[in-house]
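K.L.:
Sending over a structure as structure tokens; questions will come in a sec.
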Amino acid sequence: ALLLETSDQLSLGLLLCSRAEAEHLAGDAATAQRARERAHALATQIEVGADSELGRALAHLHALFEPVRSAV
-4 ALLLETSDQL SLGLLLCSRA EAEHLAGDAA TAQRARERAH ALATQIEVGA DSELGRALAH
56 LHALFEPVRS AV
């Protein structure tokens, strides 16, 4: 909640990526996807590059989530 009240959008994006991964591993696909989408929206808003820490975290999520999408 504190990160939502600050302007540290980068840290919030990283936290959302961590949450997305944790929820995915716990089997809660819907919550994981929502966290992933929020992180992606923040990354777009603050215009981070693919080589940034947040960009790499999002790429990791993409790789983690893709096998699930392919299996469906």
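Residue numbering for the sequence shown follows my numbering, beginning at -4 and increasing consecutively. We put the CB at the ideal spot given by N, CA and C, even for glycine. Since this is a predicted model, take the numbers as computed values, not measurements.
Candidates Ala54, Thr39 and Ala21: which alpha carbon is nearest Asp46's?
P.N.:
On the sequence shown, position 51 is the one that residue 46 refers to. Minimum Cα distance to Asp46 is reached at Ala54.
K.L.:
On a Cα-Cα basis, can you pick out the residue from Gly44, Gly8, Pro62 and Asp3 that is closest to Ala34?
P.N.:
Taking the first residue of the sequence shown as 1, we reach residue 34 at position 39. Minimum Cα distance to Ala34 is reached at Gly8.
K.L.:
In whole angstroms, what is the alpha-carbon distance linking Leu68 and Leu5?
P.N.:
Any question about residue 68 goes unanswered here, given that the chain covers just -4 to 67.
K.L.:
Just to confirm the assignment, what range does the alpha helix (DSSP H) spanning Glu42 have?
P.N.:
Residue 42 sits at position 47 when you count from the first residue of the sequence shown. No alpha helix (DSSP H) holds Glu42; DSSP gives it neither H nor E.
K.L.:
Taking only the alpha-carbon atoms, compute the straight-line gap between Gly50 and Arg31 and give it to the nearest angstrom.
P.N.:
The sequence position of residue 50 within the sequence shown is 55, counting from 1. The sequence position of residue 31 within the sequence shown is 36, counting from 1. Rounded to whole angstroms, Gly50 to Arg31 spans 12 Å at the Cα level.
K.L.:
Identify which residue in His57, Ile41 and Pro62 has its Cα closest to the Cα of Asp3.
P.N.:
Translated into positions along the sequence shown, residue 3 becomes position 8. The shortest Cα separation from Asp3 among His57, Ile41 and Pro62 belongs to Ile41.
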